[in-house]
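Numbering (UniProt numbering), first residue to last: 1 to 114. Since the structure comes first, as structure tokens, the remarks are kept for the end.
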């Protein structure tokens, strides 16, 4: 896949966060190569699924299903509130948009419903 940048996670972590456009996981490949991550094809198939279309949602345009980056459980987002969610299986917190783990929610006031 191609390399992309998540401005939200880059801003909140105060470092540039890059990820694979195909599987949406943290970029690990070299410049101009594939992301070199296992299961990229499975994640790519999930990304081709139905997308969240709720107006004004912070996750609008994201696939309806995501794979938890820690335990690979399928998860969904309600479309309400911030893009950060907690996996119901392993309780890992991550950004639903780019799948970055351990996101900082300090600036979000209403993230209890994720």
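Virtual Cβ for every residue (Gly too), placed ideally from N, Cα, C. Bear in mind the structure is a predicted one, so any value in this text is a computation, not a measurement.
Short Cβ contact (8 Å threshold) for residue i with residue j
i          : j          : result
residue 87 : residue 68 : yes
First and last residue of the uninterrupted alpha helix (DSSP H) at residue i
i          : result
residue 20 : Here residue 20 belongs to no alpha helix (DSSP H); instead the beta strand (DSSP E) covers 18 to 20.
Between the CA atoms of residue j and residue i - distance to the nearest angstrom
i          : j           : result
residue 75 : residue 6   : 20 Å
residue 10 : residue 52  : 23 Å
residue 82 : residue 58  : 6 Å
residue 80 : residue 101 : 19 Å
residue 64 : residue 77  : 7 Å
residue 60 : residue 54  : 6 Å
residue 26 : residue 99  : 8 Å
Proximity winner among the options, relative to residue i (alpha-carbon distances)
i          : options        : result
residue 49 : 89, 90, 22     : 22
residue 3  : 13, 14, 19     : 19
residue 72 : 84, 12, 89     : 89
residue 66 : 55, 60, 96     : 96
residue 24 : 85, 92, 93, 46 : 46
residue 70 : 28, 91, 56     : 91
Residue range of the unbroken beta strand (DSSP E) whose run includes residue i
i          : result
residue 95 : 93 to 95
residue 2  : Looking at the DSSP string, residue 2 is not in any beta strand (DSSP E), and its letter there is neither H nor E.
residue 85 : 84 to 86
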